[in-house]
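Following: one structure in structure tokens, then a few remarks.
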Amino acid sequence: MDISEKGSNDPIKAAVNPWAPSDLVELKQQLEMMELILDSIHNGIMITNAEGYITHFNRPYGEFLGVDPAAQIGKHCTEVIENTRMHIVAKTGIPEINHTHLIKGQRMVVQRIPIKKEGKVIAVFGQVMFKNVRDVGKLAKKLSLLESKIEHYEQELISLRSTRHTLESIVGDSGAIKSLKTEASRAAATQFPVLITGESGTGKELFAQGIHHASARKIYPFVRINCAAIPKDLLESELFGYERGAFTGAKAGGKPGKFELAKHGTVFLDEIGDLPLSMQPKLLRVLEDKEFERIGGTTLIRSDFRLLAATNQNLEEMLAERRFRKDLFYRLNVIPLYVPPLRERREDILPLAKHDLKQIAADASLPEITMEPEVEDVFYQYHWPGNVRELFNVLERILSSIEGNTIRFPDLPFHLYRGHKSFSGASAVSIRDAHAGAEKEAIIRALKIARYNKSRAASILGIHRTHLYKKIKHYNINLPAVP
19 MDISEKGSND PIKAAVNPWA PSDLVELKQQ LEMMELILDS IHNGIMITNA EGYITHFNRP
79 YGEFLGVDPA AQIGKHCTEV IENTRMHIVA KTGIPEINHT HLIKGQRMVV QRIPIKKEGK
139 VIAVFGQVMF KNVRDVGKLA KKLSLLESKI EHYEQELISL RSTRHTLESI VGDSGAIKSL
199 KTEASRAAAT QFPVLITGES GTGKELFAQG IHHASARKIY PFVRINCAAI PKDLLESELF
259 GYERGAFTGA KAGGKPGKFE LAKHGTVFLD EIGDLPLSMQ PKLLRVLEDK EFERIGGTTL
319 IRSDFRLLAA TNQNLEEMLA ERRFRKDLFY RLNVIPLYVP PLRERREDIL PLAKHDLKQI
379 AADASLPEIT MEPEVEDVFY QYHWPGNVRE LFNVLERILS SIEGNTIRFP DLPFHLYRGH
439 KSFSGASAVS IRDAHAGAEK EAIIRALKIA RYNKSRAASI LGIHRTHLYK KIKHYNINLP
499 AVP
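Residue numbers for the sequence shown follow my numbering, beginning at 19 and rising by one.
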């Protein structure tokens, strides 16, 4: 009987043949599509029923085994594939993923997946994932290479993301610095705000960069904002950004603010004590809600960032004077870090000096520079009011005029050693009591050290050459004739 006769008026034929021609066409198309899909898969595919008899066998698998795919339909899987476990999976219902299987002397990777309906296995899908297990090794090597490249690019990205210092790169042997680095490392593991305090030049930004680099945000931007350096009228637009036409002179396309640029990264607000009082509640809102609007905009922008702040001012005194908001202070001061001045950690002076000497010499393409023991003693005894920044500046000054590869006592600026025991001029007491006489003696000694080279003597004294000429004339200092 032709099943295409479903449209007949004969009720007996209609009952026997429920298929309409359109249904048959659709079913045929679906079967053809399934065969095309299976034959288009590069790997070998075999499907069995619950008893292990083959119902589907794709062309790539037949080509690999050297058999006719159509001829395998209806055969038991054990007749076609050596060492097969398809019928076993049909019984256990347990999938076997990425197992090895020896076929035709080659070890391959296979998957055997039970197909279930209402909790009962009705078929098993089998796939030879690779023609040879060695292909997996090749793929693993490619993946390993890609992972290495990703790691390399991630390190490059970290390098480009603006932090130059890590906690490990911060130099210092004192207990204070070691303890501070430990505290900073703990702070890096959290997302809480950090307030770094200390005198100017102590290296607060180094710790801020180190915390960012040690955190999970290290591959994202480190955005530094100096609250003291940006004019009050521009600070809001720098922090929040602005939309097109927000004010006269605004860029045509608008501009994202620092908070927006720091998404997923770290914002470092340096000199937070100089933040205008009018800006403080706006900053507080951003810290609490992590959302803001650009100037002239109406759309809320969310930006997930971590805040670090630093100041050389006493914020608690500013609270009492109502120059800093209490609510903002408490929001910032979740993790307080204090960087002590150099005079309170003298054991760090020489390691820092030697480290800076290497850096300056390398940048200037100079050979290795050393210091005489007497010079080291002067460095150790000096009180360094400008802290680490002053130390670096002094070393740069010395290296700009040094002769040879060793820093000697005469190479030092006068202000460093004028009270030192090695200086045979006036004592500290006579300088205060008889300033003029001590100054004259200092100039004469500097001239002798410099062999009467006025430029070098001025450098030793830490004054301008023109100023030295005036002093020589003022004190009527006689200079020997230079041949």
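We treat Cβ as the ideally placed atom computed from N, Cα and C, and that holds for glycine. Here the structure is a predicted model, which means the values were calculated and not measured.
Is DSSP giving residue i helix, strand or coil here?
{"i": "residue 401", "result": "coil"}
{"i": "residue 256", "result": "helix"}
{"i": "residue 106", "result": "helix"}
{"i": "residue 352", "result": "coil"}
{"i": "residue 291", "result": "helix"}
{"i": "residue 66", "result": "strand"}
{"i": "residue 331", "result": "coil"}
{"i": "residue 449", "result": "Reliability of the predicted coordinates at residue 449 is poor, the pLDDT of 43 falling under 50, and the value obtained from them is presented with this limitation in mind. It is helical."}
{"i": "residue 388", "result": "strand"}
{"i": "residue 261", "result": "coil"}
{"i": "residue 270", "result": "coil"}
{"i": "residue 139", "result": "strand"}
{"i": "residue 132", "result": "strand"}
{"i": "residue 488", "result": "helix"}
{"i": "residue 184", "result": "coil"}
{"i": "residue 424", "result": "strand"}
{"i": "residue 237", "result": "coil"}
{"i": "residue 339", "result": "coil"}
{"i": "residue 442", "result": "Only weak support exists for where residue 442 lies, its pLDDT of 49 falling under 50; the coordinates are left without a value."}
{"i": "residue 200", "result": "helix"}
{"i": "residue 79", "result": "helix"}
{"i": "residue 86", "result": "coil"}
{"i": "residue 468", "result": "coil"}
{"i": "residue 299", "result": "helix"}
{"i": "residue 394", "result": "helix"}
{"i": "residue 217", "result": "coil"}
{"i": "residue 493", "result": "coil"}
Looking only at DSSP bridge pairs, what is residue i linked to?
{"i": "residue 71", "result": "94"}
{"i": "residue 118", "result": "127"}
{"i": "residue 326", "result": "212 and 286"}
{"i": "residue 243", "result": "287"}
{"i": "residue 44", "result": "Note: residue 44 sits in no beta bridge, so no partner."}
{"i": "residue 313", "result": "260"}
{"i": "residue 146", "result": "62 and 128"}
{"i": "residue 320", "result": "309"}
Is it buried or exposed for residue i, if we count other Cβ within 10 angstroms and need 16 for buried?
{"i": "residue 494", "result": "exposed"}
{"i": "residue 87", "result": "buried"}
{"i": "residue 29", "result": "With a pLDDT of only 48 at residue 29, under 50, the local geometry of the prediction cannot be trusted, and the value read off the model is given with reservation. Exposed."}
{"i": "residue 238", "result": "buried"}
{"i": "residue 215", "result": "buried"}
{"i": "residue 210", "result": "exposed"}
{"i": "residue 322", "result": "exposed"}
{"i": "residue 423", "result": "exposed"}
{"i": "residue 487", "result": "exposed"}
{"i": "residue 289", "result": "buried"}
{"i": "residue 43", "result": "exposed"}
{"i": "residue 469", "result": "exposed"}
{"i": "residue 229", "result": "buried"}
{"i": "residue 225", "result": "buried"}
{"i": "residue 497", "result": "exposed"}
{"i": "residue 433", "result": "exposed"}
{"i": "residue 79", "result": "buried"}
{"i": "residue 51", "result": "exposed"}
{"i": "residue 227", "result": "buried"}
Relative to the alpha-carbon of residue i, which residue among the options has its alpha-carbon at the smallest distance?
{"i": "residue 101", "options": "117, 132, 232 and 461", "result": "117"}
{"i": "residue 360", "options": "194, 164, 96 and 134", "result": "194"}
{"i": "residue 386", "options": "392, 393 and 378", "result": "378"}
{"i": "residue 287", "options": "328, 322 and 187", "result": "328"}
{"i": "residue 479", "options": "497, 458 and 496", "result": "458"}
{"i": "residue 420", "options": "403, 404 and 389", "result": "389"}
{"i": "residue 203", "options": "164, 185 and 130", "result": "185"}
{"i": "residue 138", "options": "68, 295 and 54", "result": "68"}
{"i": "residue 76", "options": "236, 64, 366 and 426", "result": "64"}
{"i": "residue 396", "options": "142, 427 and 114", "result": "427"}
{"i": "residue 410", "options": "435, 41, 433 and 367", "result": "367"}
{"i": "residue 217", "options": "307, 357 and 206", "result": "357"}
{"i": "residue 72", "options": "99, 429 and 50", "result": "99"}
{"i": "residue 335", "options": "82, 325 and 347", "result": "347"}
{"i": "residue 81", "options": "66, 57, 414 and 207", "result": "57"}
{"i": "residue 235", "options": "263, 205, 248 and 251", "result": "205"}
Please check the pair residue i and residue j, which I expect to be a contact at CB under 8 Å, by giving their CB distance rounded to whole angstroms.
{"i": "residue 370", "j": "residue 406", "result": "6 Å"}
{"i": "residue 312", "j": "residue 258", "result": "6 Å"}
{"i": "residue 503", "j": "residue 241", "result": "Any question about residue 503 goes unanswered here, given that the chain covers just 19 to 501."}
{"i": "residue 142", "j": "residue 104", "result": "5 Å"}
{"i": "residue 192", "j": "residue 363", "result": "4 Å"}
{"i": "residue 285", "j": "residue 273", "result": "Their Cβ separation, rounded to whole angstroms, is 16 Å, which puts residue 285 and residue 273 out of contact at 8 Å."}
Any heavy atom of the ligand ZN closer than 7 Å to the beta-carbon of residue i?
{"i": "residue 42", "result": "You won't find the ligand ZN in this model; it holds no ligand whatsoever."}
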